[in-house]
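Chains as they are written, first to last, in our numbering: chain A, 10 to 120; chain B, -17 to 101. Cβ atoms here follow ideal geometry from the backbone N, Cα and C, with glycine treated the same way. Below is one structure, written out as structure tokens; comments come after it.
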Amino acid sequence: QKEVEQNSGPLSVPEGAIASLNCTYSDRGSQSFFWYRQYSGKSPELIMFIYSNGDKEDGRFTAQLNKASQYVSLLIRDSQPSDSATYLCAAVTNSGYALNFGKGTSLLVTP
Amino acid sequence: DTEVTQTPKHLVMGMTNKKSLKCEQHMGHRAMYWYKQKAKKPPELMFVYSYEKLSINESVPSRFSPECPNSSLLNLHLHALQPEDSALYLCASSRIPQSPGQGSTDTQYFGPGTRLTVL
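In structure tokens:
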């Protein structure tokens, strides 16, 4: 079973701080990686995707990919209480279609 | 526009009922997906349709029957469900993945989901 692993948390950070969310994957064939945010009772909302080694920035969010270490991360700068949610890391499987999700990390941003 | 719509938002059904979940997208995506999500778990893939043809069935029980009548619509027909089938059912769509690493075409957009309760 090809795994995507995340620390379930909760990860608690104060408002205004940087939240760092981490994800590792076991399938070296995985090429594309996604971060989704999911509020309780709602559906996953895409934050970012990344498929090249290095950093990709979009507003307060930065995704980092290190294929040699099989590691993906998401940094959230200037964290806000509204960022409190579960963050799902996902990798596209070899089929090119199916998303293999990690179990998600619960983030709590405290005022 | 990256909107995927799903109806109904909530559904309560008995174990002998027949009901259908509907999903619609107008982004021109030719890949559509059904996922099932239990509380505090990640989404689990059920079915994938590619160009309106079923391409992946993740060993889902036959009481779940998918249908893709056209490139914009995806249905999930439910019959003789069990209480353990209660979950959030998510529809997603994407462009057809062209080759590994093409993140823009791999990206799946999710609908708001249908909260299903089986009594």
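With respect to the beta strand (DSSP E) encompassing residue i, which residues constitute its N-terminal and C-terminal limits?
| i | result |
| --- | --- |
| ILE85(A) | 80 to 85 |
| MET(-5)(B) | -8 to -5 |
| ALA62(B) | Neither: ALA62(B) is in no beta strand (DSSP E) and is coded neither H nor E. |
| LYS23(B) | Per DSSP, LYS23(B) belongs to no beta strand (DSSP E) and is neither H nor E. |
| LEU20(A) | 20 to 23 |
| PRO43(B) | Looking at the DSSP string, PRO43(B) is not in any beta strand (DSSP E), and its letter there is neither H nor E. |
| LEU98(B) | 96 to 100 |
Any C-beta of chain A sitting closer than 8 Å to the C-beta of residue i?
| i | result |
| --- | --- |
| TYR91(B) | yes |
| SER75(B) | no |
| PRO(-10)(B) | no |
| PRO94(B) | yes |
| LEU36(B) | no |
| ALA69(B) | no |
| VAL42(B) | no |
| LEU27(B) | yes |
| ALA62(B) | no |
Just confirm the distance between the C-beta atoms of residue i and residue j, as a whole number of angstroms; I'd bet it's less than 8 Å.
| i | j | result |
| --- | --- | --- |
| PHE58(A) | THR89(B) | 5 Å |
| GLY18(A) | THR114(A) | 5 Å |
| GLY95(B) | LEU70(B) | 5 Å |
| CYS5(B) | GLN(-12)(B) | 5 Å |
| SER41(A) | LEU84(A) | Not a contact, Cβ separation roughly 19 Å. |
| MET9(B) | TYR31(B) | The pair is not a contact, with the Cβ atoms about 15 Å apart (cut-off 8 Å). |
On the DSSP bridge list, what partners appear for residue i?
| i | result |
| --- | --- |
| CYS73(B) | TRP16(B) |
| THR89(B) | None; THR89(B) has no bridge partner. |
| SER32(B) | ALA13(B) and LYS35(B) |
| GLN47(A) | THR95(A) |
| GLN(-12)(B) | CYS5(B) |
| GLU49(B) | ASN57(B) |
| GLU14(A) | THR33(A) |
| ASP28(A) | The residue asked about is misnamed: residue 28(A) is Ala in this sequence, not Asp. Answer is ILE85(A), bridged to ALA28(A). |
| THR119(A) | PRO23(A) |
Would residue i count as contacting chain B if we go by Cβ distances under 8 Å?
| i | result |
| --- | --- |
| LYS76(A) | no |
| ALA107(A) | yes |
| PHE70(A) | no |
| LEU97(A) | yes |
| PRO128(A) | There is simply no residue 128(A) to check, as chain A begins at 10 and stops at 120 in what is shown. |
| VAL101(A) | yes |
| SER41(A) | yes |
Give a yes or no on whether 8 Å exceeds the smallest Cβ distance from residue i to chain E.
| i | result |
| --- | --- |
| PRO19(A) | The question asks about chain E, but that chain is absent: this structure's protein chains are A and B. |
What are the uninterrupted segments assigned as beta strand (DSSP E) that are 3 or more residues long and contained completely in the segment 50 to 117 of chain A, given in chain order? 54 to 59, 63 to 67, 70 to 75, 80 to 85, 94 to 101 and 108 to 110
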